[in-house]
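Residue numbers (the working numbering): 880 to 1205.
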Amino acid sequence: MAATRSIALAGLRLSKRLGKLLTSQGVLLMLLSLAVFASFRYQTFLTPLNIMNVMRQNSMLAIVALGMTVVILSGGIDLSVGSLVALGGVVAAMLVGQGSFIAIACGIISTTLLGAVNGLLVSRARLQPFVVTLFTASAARGLALSITQERSIAVPSTASGLVWLGRGFIGFVPVPVLIVALLYFAAWLILQRSRLGLHIYAIGNNEEASRLMGVNPNQVKLAVYTFSGMLSGLAGVVLAGRLGAGQPVAAFGWETDAIAATVMGGTFLAGGQGSVFPTLIGVLLLGMMYNLLNLEGTITPWWQLVLRGGFLLLVVIFQQRIAQRK
């Protein structure tokens, strides 16, 4: 009887440990499992060239997802990121004749200002983030289509600075991958080591309680939405350099992917809990999934959109279950 009880207790402890592991490292385990499966199915999958290509192709989404993570940590949401990516790209492409530096700066500044508008409307006017950013998404996309007359704007190869951002290398590492690494490390430092990071988590957990503790939620919200807008513009500029054109229809649906990557990384949609590096793993997992779907060739892009939305729904349900157990 005593031996049976000991075995039962050991099994219970093991199941709890496995549950904690799946909760904290579930997305990493999924990524590794998918990589193992793909390596057996496709011989070239685990080659350094292919892995670097997957990372480069998803660098722009990783930049956008970083901004989304910070916004969600504060208890908000940003549905304008995809449209801001398109706007930043076309602004940079249209001004490339003035020099790469001016083109890059203006592309980023334009979306940073719109991000600040989001922050002001959410913090000062006290409007719902969903409504505000949905309006900004529509306005930014319409502006991008209007100023380009619904045409792609070519980026000439002579625009070396802009092209280098999207296609260049430092050593053997693509420039977009290095940009992502620097941004995520800087964001991690801000969130974990600065007063602003502490305030972001505080208002995400309980805005009213943080206000009573001396935190100014309005300033924090303005900062996070401005940051998200800036990163969206940067992603648009890098994307324009990579594609060789600023496209007003670019980044369609990226807000869904950014939210999915953030949530898969363990950041709670209610705010106040999460980190940035798991979001990066979520981006890589999404990128690998879409890559495998394309390699299979049996699922059309439209059904991939259906699967994308369904996968996001499953992740949110799983996250809610974890929150209820806690």
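Every residue gets a Cβ at the ideal spot worked out from N, C-alpha and C, and that includes glycine.
If you keep only unbroken beta strand (DSSP E) runs of at least 3 residues inside the stretch 904-941, you get nothing at all. Under the rule that a run must span 4 or more residues, the alpha helix (DSSP H) segments found entirely inside the stretch 928-1008 read 938-952, 960-973, 979-1002. Its chain contains P1127 as the residues whose beta carbon lies nearer than 6 Å to that of L1024, once the 5 sequence neighbours on both sides are disregarded; these appear in chain order. Residue nearest to I1138 within the set R935, A917, G961 is G961 (criterion: CA-CA distance). Taking every protein chain shown into account, the CB of F924 has 16 or more other CB atoms within 10 angstroms, so this residue is buried. At the C-beta level, E1134 and A1016 come within 9 Å of one another. By the neighbour-count criterion, in which 16 or more other beta carbons inside 10 Å mark a residue as buried, L910 falls on the buried side. L1075 places its beta carbon less than 9 Å from that of A1102. By the neighbour-count criterion, in which 16 or more other beta carbons inside 10 Å mark a residue as buried, G954 falls on the buried side. Scanning the stretch 1058-1101 for uninterrupted alpha helix (DSSP H) segments of 4 residues or longer gives 1074-1084, 1086-1091, listed from N- to C-terminal end. Cβ-Cβ separation between A971 and I983: approximately 6 Å, consistent with a contact (criterion under 8 Å).
Taking every protein chain shown into account, the CB of G1189 has fewer than 16 other CB atoms within 10 angstroms, so this residue is exposed. Buried is the label assigned to R935, since at least 16 other Cβ atoms lie within 10 Å of its Cβ. For M1168, the closest of S1154, V1155, L1186, Q1152 by C-alpha to C-alpha distance is L1186. In this structure, DSSP gives G1120 a helical state, which the three-state scheme calls helix. Counting along the chain, the unbroken alpha helix (DSSP H) around V1142 starts and ends at 1133-1143. Residue pairing by DSSP places V1052 opposite I1049 in a beta bridge. Short of 6 Å from the beta carbon of P1055, and not among the five residues preceding or following it, lie these beta carbons of its own chain, in chain order: R935, S938, V1117. Closest in C-alpha terms to V1155, from the list V943, N929, L928, comes V943. Under the three-pair Cβ rule at 8 Å, the stretch 1097-1113 counts as touching the stretch 985-992. A direct Cα-Cα distance of roughly 17 Å separates I1082 from F1009.
For V1162, the enclosing alpha helix (DSSP H) starts and ends at 1156-1175. A residue is called buried once 16 or more other Cβ atoms fall within 10 Å of its Cβ, and N1170 is buried on that count. When the Cα atoms are used, Q1007 and G976 turn out to be separated by approximately 39 Å.
In this structure, N1084 lies near G1151, with their beta-carbon atoms less than 9 Å apart. Taking the Cβ atoms as the reference, L992 lies roughly 18 Å from A1119, outside the contact range of under 8 Å. With 16 or more other Cβ atoms inside 10 Å of its own Cβ, M1143 counts as buried. By the C-beta density criterion, V915 is exposed, having fewer than 16 other C-beta atoms within 10 angstroms.
Looking at the backbone, the Cα of N932 and that of T926 are separated by about 10 Å.
Rounded to the nearest angstrom, the gap between the Cα atoms of F1048 and V1059 is 13 Å.
The Cβ neighbour count for L1070, taken over all protein chains shown within 10 Å, is at least 16; the residue is labelled buried. A1016 carries a helical assignment under DSSP once its states are collapsed to helix, strand and coil. Here R1020 is buried, its C-beta having at least 16 other C-beta atoms within 10 Å.
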